[in-house]
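Notes for the one structure printed next.
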Amino acid sequence: MKKIIAAAALTLGATGCLGPNNAANSLLNWNAEVSDHDAVNEAVFIGMNIIPVYPIAYMVDVVVLNTIEYWSGGNPVDAPGPFPGFSRKGGDED
30 MKKIIAAAAL TLGATGCLGP NNAANSLLNW NAEVSDHDAV NEAVFIGMNI
80 IPVYPIAYMV DVVVLNTIEY WSGGNPVDAP GPFPGFSRKG GDED
């Protein structure tokens, strides 16, 4: 019985795992705009991986939010838009 429940949970959870990951991408976009200094953004990024904010956001996307979108057609988290990029693009640009 435990194997059937585990298989059903994995099947339902895995149906929507390939999705837009709006929550995790929104978090990444926010991190890219925390500061104008790359070192600060990198420190926040590393800290949020050590504390596991990013991994938890990604798992919530994969297991819950993308599954909801798969079955209902709508994601409860709005799309974050394009990634804003990093302040340092390379070269001597300011």
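For the sequence shown, the numbering used here assigns the number 123 to the last residue and increments by one with no breaks.
Even for Gly, the Cβ is constructed at its ideal location relative to N, Cα and C.
Here the structure is a predicted model, which is why all the values come from computation and not from measurement.
How close, in whole Å, do the beta carbons of residue i and residue j come, if the pair is a contact with beta carbons under 8 Å?
i	j	result
A61	N70	6 Å
G48	D90	7 Å
S55	P111	The Cβ separation is near 12 Å, so there is no contact.
Where does the unbroken alpha helix (DSSP H) through residue i begin, and where does it stop?
i	result
M77	67 to 79
P84	82 to 89
S55	51 to 61
N104	First-last for N104: undefined, no H or E at that position.
Excluding the five sequence neighbours on either side, which residues of its own chain have a C-beta within less than 8 Å of the C-beta of residue i, listed in chain order?
i	result
P113	N58, A61, E62
M30	none
M77	L56, N60, Y83
In chain order, what residues of the same chain lie with their CB nearer than 6 Å to the CB of residue i, ignoring the 5 residues before and after it?
i	result
V93	none
P81	none
Keeping to the same chain, check which residues put their C-beta closer than 7 Å to that of residue i; ignore five residues upstream and five downstream.
i	result
Y87	N50, A53
F74	N60
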